[in-house]
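**Student:** In the order they appear, the protein sequences are chains A, B and C.
Numbering follows the working numbering, in which position 99 of the first sequence is assigned residue number 1081; successive positions increment by one, without gaps.
Numbering follows the working numbering, in which position 99 of the second sequence is assigned residue number 89; successive positions increment by one, without gaps.
Numbering follows the working numbering, in which position 280 of the third sequence is assigned residue number 740; successive positions increment by one, without gaps.
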Amino acid sequence: MSRIKEFNLPDLGEGLTEGEILSWLVKVGDTIELNQPIVEVETAKAAVEIPAKWAGVISRIFVEAGSTVEVGSPIVAIDTDPSAGPLPSSGDGPVPSAESLAAVDIAPAEGAVEPGLIGGPAPGGRTAVLVGYGPRNTTAKRRPRVGTPGASATAAVPAPVTTPEPVAAPEPVQAPEPARVGPVLAKPPVRKLARDLGIDLATVTGTGPLGSVTRDDVQQAAAQPQAAGATPAAAVFDASREQRIPVKGVRKLTAENMVASAFTAPHVTEFLTVDVTRAMKALEKIKARPEFRDVRVSPLLLVAKAVLLAVRRHPMVNSSWSAQTNEIVVKEYVNLGIAAATERGLIVPNIKDAGRLSLRELAEALNTLVQVAKSGKTPPSDMSAGTLSITNVGVFGVDTGTPILPPGESAILAFGAVKPMPWVHKGKIKIRQVTTLGLSFDHRIIDGELGSKFLRDIGRFLTDPEEALLAWT
Amino acid sequence: MANGEREVGVDAPAGGFVQLLTPDGERVDSVTTADGTTYSVSFTDDEYRELYKDLVTVRRLDAEATALQRQGELGIWASLLGQEAAQVGSGRALRPQDMAFPTYREHGVLYTRGIDPIMPFGLFRGVDQGGWDPNEYKFNTYTIVIGAQTLHATGYAMGITMDGKTGNPDGEAVIAYFGDGATSQGEVNESFVWSGVFNAPIVFFCQNNQYAISEPLERQTRIPLYRRAAGYGFPGVRIDGNDVLATFAVTRAALDNARNGQGPTLIEAYTYRMGAHTSSDDPTRYRIASEVESWKAKDPISRLRAFLAKQQLADDTFFAEVDEAAKTLALDLRERVLSMPDPQPVSLFDNVYPTGSPEIDAQRARFVEYQASFEGSDH
Amino acid sequence: MTEPDRGGKPQKKTVGENLSLGKALNHGLRRSLENDSKVVIMGEDVGKLGGVFRITDGLQKDFGEDRIIDTPLAEAGIVGTAVGLAIRGYRPVCEIQFDGFVFPAYNQIVAQVAKMFYRSKGNVRLPIVIRIPYGGGIGAVEHHSESPEGYFAHTPGLKVVTCSTPLDAYTMIQQAIATDDPIVFFEPKRRYWEKGEVDLDADLASAYPLHAARVAREGTDATLLAYGPMVRTALDAATAAAEDGRNLEVIDLRSLSPVDYPAIYASVRKTGRAVVVHEAPGNLGVGAELAARITEECFYSLEAPVLRVTGFDVPYPAARVEEEYLPDLDRVLDAVDRSFGW
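Below is the structure:
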């Protein structure tokens, strides 16, 4: 029966879940028109007048002024058809006939369910079901415990428990613990610790609940050189002082690659110490350029550029040894690998076709590569098909190294820290920005002459980028 | 009913039914069924008026309960609207020593037993589960699991026999109420088996109100329900469930047969559930307006009123007084329902076992402690 | 209630007879029928035939058809009419012929019997005993070897007990009938013919309490928790373990609802290790509840987690392979070995 319509507190927007009834603008028995304002409600932000959803007669008001009510809860009932005779609930008038009570209703409009019918709104903010009051909405709020701050909040909003003071927790109700003679009490993990440390629990005084031995108790006992009369814990060199870490994932793969590379390609490493002061200055100029305003620029960028330019002059270094086909495969494209240390180990993602990138594109690619590697999200495609790599050991403050070739590559450059060092500059001792480059190469493909020339060219660019560019291009 | 030669009863289903008061308020002196039993009533004027009063009161109280549910004061209400005659007629046929096993809709029967009408309201309001002492009221607690009570009723009836309280006119009898839907339940059929085999002093009173929630009668049976009894070996009779006189006559006769040691009878009271199954059911989803309209014309109260008026056994003053008294009772009931207190939380743990349990005691103790740890609890 | 002496030996010397468990039940039923005229027994084939296991043998002859009632073949009817009889003032003892056939009565047991006292606020007492032969090991065809005790122990409002010896069978059946609580009484059918001393003069008031656990064998190294048919299995396991130098304590739970937790905790706190044994499938069985409780209440005493030796989580298998399914001495001791491995 839809004649009596219950009006629920509507959603007032902005995620508000309740409102306080400030004042009723009508009373029971008043005739109202559609959209006539009937109640004033205060939300957290403002006072709002709510218009009536139906015309009719106010038949019942559920919530008094001053109360707070949840959105969706009924606040007033409106008799939308007062001319159909008296209501059964009003108590006035003659006995309702079977007719009025068994009034055949038109089925509700599609989608909307009449209040009081299954799935429709029911009093108390619930949803009507066949067999009872129906479910109601709950809020994710804790009831305040005794002794918590904010526990004496206003009735309107139950105080959320933020940092409860430690209340003396009620003892867990259990059968009374018999007086402890006999077995030692200790949690299972503590027993294991004691066993691993070689401590006899019976010799340890327990400070935990019910006189149990705690983890601290055991560790203290282990740290004591001797307890009076107790057997000292002897120094051991065994599993109890060893940590076993399973080999898997990135570390496993890296190890396999290292082994394959190190024991297949005869590695030779050559070193060149260069004065990169001019390169550092060039870097400053680059940074100041408008197109580099929002791109991070670092010395690695210039080293990468140096390597790429040098590869053009010595293409043979960008190759790989194919044992199956007994061939050296020289590649036209440079997939420049940059070694990156991540949480899970060392990976060498590469920048595809780096040789075709402009300086700015190269800078962007380097930044992206480093960021992605740090986030642990480098895709497998980035880590395959590298042709030549750089490992920046300089970030750790290390001068240089003898890097191991990534699989399938024939040359890898270790770029060390750039440090102010005394240098002979125009015949005088000056402090210059100096770094050491270490180039490892596969001696099957690259002999000393080629390797040296390649390294020399990298150094030449870093020593004087302008001069090298003019000479080479 | 005659042997199908002529229809007996106005607005009767095929095969007829026992009717002593037509929908227009005309009296039928007596009806003889195919097995040769003759049914009739002879009431005094006062008794007719009392019956009318019962019907009106029971309907008025039911209407009040429906309103209370709409207002959120009851979680659910199972309305008996339309079934007043079936319940009052059978309820008044019971003798004081008889025992009734209701389903959850027999508020009208409860009323005729002289029980305070508020008794089932705890169940529907959700403050208790409607538990009262069946032996004190000769009226069992309401049973929600469909049909389960028919076995309880049968066992009780077997107990009457074992106590030697059958086989004489002062013997005890049992009446078990259930609906058309329940006749499909295995347990109801088992109760037919048992009561037949043990010749139990029981009347099975089926209020066939044509629907089990939305399932119509055709979903429960291929044949008229009263004929099922033959399969179990005891008599079945169909009555006009909207006729309080026929209901009284047939039920009284069946109960007397039972207490005299003649065993069970199945009575099918052919009636109609004018309202919804329970309060939030929407009957418009499964039945058509014209069907409901046709049953309005067979209303149990209006036919008795018409009879009383025509026979000049009552006038408008009387009718108004009856309405007024019913309303007063209803409003009093309303007040008392509204002041029913919610149960105390700790009462969750009461009455689980007659001899108690250490487990329950432990849980109760923990619960009390836990509740006391909250602000605003009455530690 | 004062703690009963849970010692491994019965309290007083039994002046008793050596009876089978089935016979002990028969005697106990007889005593109950004699003591209270309101006690009736009802079930399929319980009267003339004396029951398919002869548990009610000879009773109808002596107490009549009104008190030993042969019922129609309808388990729901057996329990449902028992409810009506109980409301009328009788004390019905229902027999469900086999464990696998209790399910038609499940509705009446858990929806009606279990709830009645609670929902009537104490107005309606149903002093009903539902006797069920249960468990496997008799080489039976399907549905005759189930262990459904968990479904009932899980239901509030019911109490569930199970005897393992003739001595306990004799007193427990009488105590179950005498109490006003509704009791589901599980009888280990594979043990029906095993004999033991029974004190036929046992006075109910001073007999071992219905819901108390019993220390069937004292020990120090680990606690075996068993009930019904598995008590014997656990005792056999303890005997074998003694030869390996392990001294196992065996607790016969006797009551599954309520469980005598103080007795269990006392034992586990002493030994530090617990192994539960039951035929019912392990998943969500009685053992799971025991393990959870023991872990919570005896946490500081545990040397190892509580282990369970149970039926597998498969439907009960065919007769010729059931021995592989049922927990036996070897599986129990395997669990004990594993417990010591922690």
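Where a beta carbon is used, it is the ideal one built from N, C-alpha and C, also for glycine.
All figures in this text were calculated on a predicted structure; none of them were measured in a lab.
Does the CB of E349/B have a neighbour CB from chain C at under 8 Å?
**Tutor:** yes
**Student:** Less than 8 Å separating the beta-carbons of V1299/A and F1219/A?
**Tutor:** no
**Student:** Does E74/B have its Cβ less than 8 Å from a Cβ in chain F?
**Tutor:** Judged by its chain identifiers, the structure shown contains no chain F, and its protein chains are A, B and C.
**Student:** Using 10 angstroms around the beta-carbon of G595/C, count the other beta-carbons present and answer buried if the total reaches 16, otherwise exposed.
**Tutor:** buried
**Student:** According to DSSP, which residues form a beta bridge with Y578/C?
**Tutor:** In the DSSP secondary-structure assignment, Y578/C is not bridged to any residue.
**Student:** In angstroms, rounded to a whole number, what distance separates the CA positions of H738/C and L684/C?
**Tutor:** 11 Å
**Student:** Can you pull out the residues from the region 698 to 721 of chain C whose beta carbon lies closer than 9 Å to at least one beta carbon of chain B?
**Tutor:** S717, P718, V719, D720, Y721
**Student:** Contact criterion: CB-CB distance below 8 Å. Does I547/C meet it with respect to chain B?
**Tutor:** yes
**Student:** What is the DSSP secondary structure of G544/C, counted as helix, strand or coil?
**Tutor:** helix
**Student:** When we look at the beta-carbon of W184/B and count the other beta-carbons within 10 Å, is it buried (16 or more) or exposed?
**Tutor:** buried
**Student:** Can you find a CB in chain B that lies within less than 8 Å of the CB of A1321/A?
**Tutor:** A1321/A does not count as touching chain B.
**Student:** Just to check my reading of the structure: A236/B and V193/B have Cβ atoms closer than 8 Å, yes? What is that Cβ distance to the nearest angstrom?
**Tutor:** With a Cβ gap of about 15 Å, A236/B and V193/B do not count as contacting.
**Student:** If we count the other Cβ atoms within 10 Å of its Cβ and call it buried at 16 or more, is Y146/B buried or exposed?
**Tutor:** buried
**Student:** Buried or exposed: where does Y1315/A fall if 16 or more other Cβ atoms within 10 Å of its Cβ makes it buried?
**Tutor:** exposed
**Student:** How long is the line joining the alpha carbons of A304/B and T133/B, rounded to whole angstroms?
**Tutor:** Annotation: A304/B to T133/B spans about 38 Å, alpha carbon to alpha carbon.
**Student:** Output needed in chain order: residues of the region 264 to 296 of chain B with a Cβ under 8 Å from some Cβ in chain A.
**Tutor:** M264, G265, H267, T268, S269, S270, D271, D272, T274, R275, A279, V282, E283, K286, D289, I291, S292
**Student:** For S607/C, name the three-state secondary structure that DSSP assigns.
**Tutor:** coil
**Student:** Quick test of the definition: if touching needs 3 or more C-beta pairs under 8 Å, does the region 346 to 358 of chain B touch the region 580 to 599 of chain C?
**Tutor:** no
**Student:** Consider the Cβ of P616/C: report whether some Cβ of chain B lies at a distance smaller than 8 Å.
**Tutor:** yes
**Student:** Looking only at its own chain, which residues have a Cβ that is under 6 Å from the Cβ of D1446/A, when we skip the five neighbours before and after it?
**Tutor:** R1260
**Student:** For A1059/A, write down the residues that DSSP places opposite it in a beta bridge.
**Tutor:** E988/A, R1042/A
**Student:** Could you tell me the distance, in whole angstroms, from the CA atom of T1307/A to the CA atom of I1329/A?
**Tutor:** Between T1307/A and I1329/A, the C-alpha separation is close to 28 Å.
**Student:** 8 Å is my cut-off, CB to CB: does F800/C come that close to chain A?
**Tutor:** Closer than 8 Å to the CB of F800/C there is not a single CB belonging to chain A.
**Student:** Quick check: V0/B and V8/B, are their CB atoms within less than 8 Å of each other?
**Tutor:** no
**Student:** For G1054/A, which residues from the same chain have a beta carbon less than 6 Å from its beta carbon, with the 5 sequence-adjacent residues on both sides left out?
**Tutor:** N990, G1107
**Student:** Over what stretch of residues does the alpha helix (DSSP H) that includes H142/B continue unbroken?
**Tutor:** 138 to 152
**Student:** Chain B partners of L582/C, CB-CB under 7 Å?
**Tutor:** It is Gly, not Leu, that sits at residue 582/C in the sequence shown. G582/C reaches chain B at N341, counting residues in chain order whose Cβ is nearer than 7 Å.
**Student:** Determine the direct distance from the alpha carbon of K1169/A to that of V1186/A, and round the result to whole angstroms.
**Tutor:** 14 Å
**Student:** Compare the C-beta of R1233/A with all C-beta atoms of chain B and state if any pair is closer than 8 Å.
**Tutor:** No, because no Cβ of chain B sits closer than 8 Å to the Cβ of R1233/A.
**Student:** Is it buried or exposed, L1344/A, if we count other Cβ atoms within 10 angstroms and call 16 or more buried?
**Tutor:** buried
**Student:** Tell me, which residues are paired with V499/C by DSSP?
**Tutor:** R551/C
**Student:** List the residues that DSSP assigns as beta-bridge partners of M1403/A.
**Tutor:** R1414/A
**Student:** Tell me, to the nearest whole angstrom, how far the beta carbon of P13/B is from that of K300/B; I am working on the premise that it is less than 8 Å.
**Tutor:** Actually they are not in contact, since the Cβ atoms of P13/B and K300/B sit about 13 Å apart, beyond 8 Å.
**Student:** Go to F168/B, then tell me how far its alpha helix (DSSP H) extends in each direction, as first and last residue.
**Tutor:** Here F168/B belongs to no alpha helix (DSSP H); instead the beta strand (DSSP E) covers 164 to 169.
**Student:** Quick test of the definition: if touching needs 3 or more C-beta pairs under 8 Å, does the region 522 to 537 of chain C touch the region 555 to 567 of chain C?
**Tutor:** yes
**Student:** Check whether the Cβ atoms of A316/B and T47/B sit closer than 8 Å, and answer yes or no.
**Tutor:** yes
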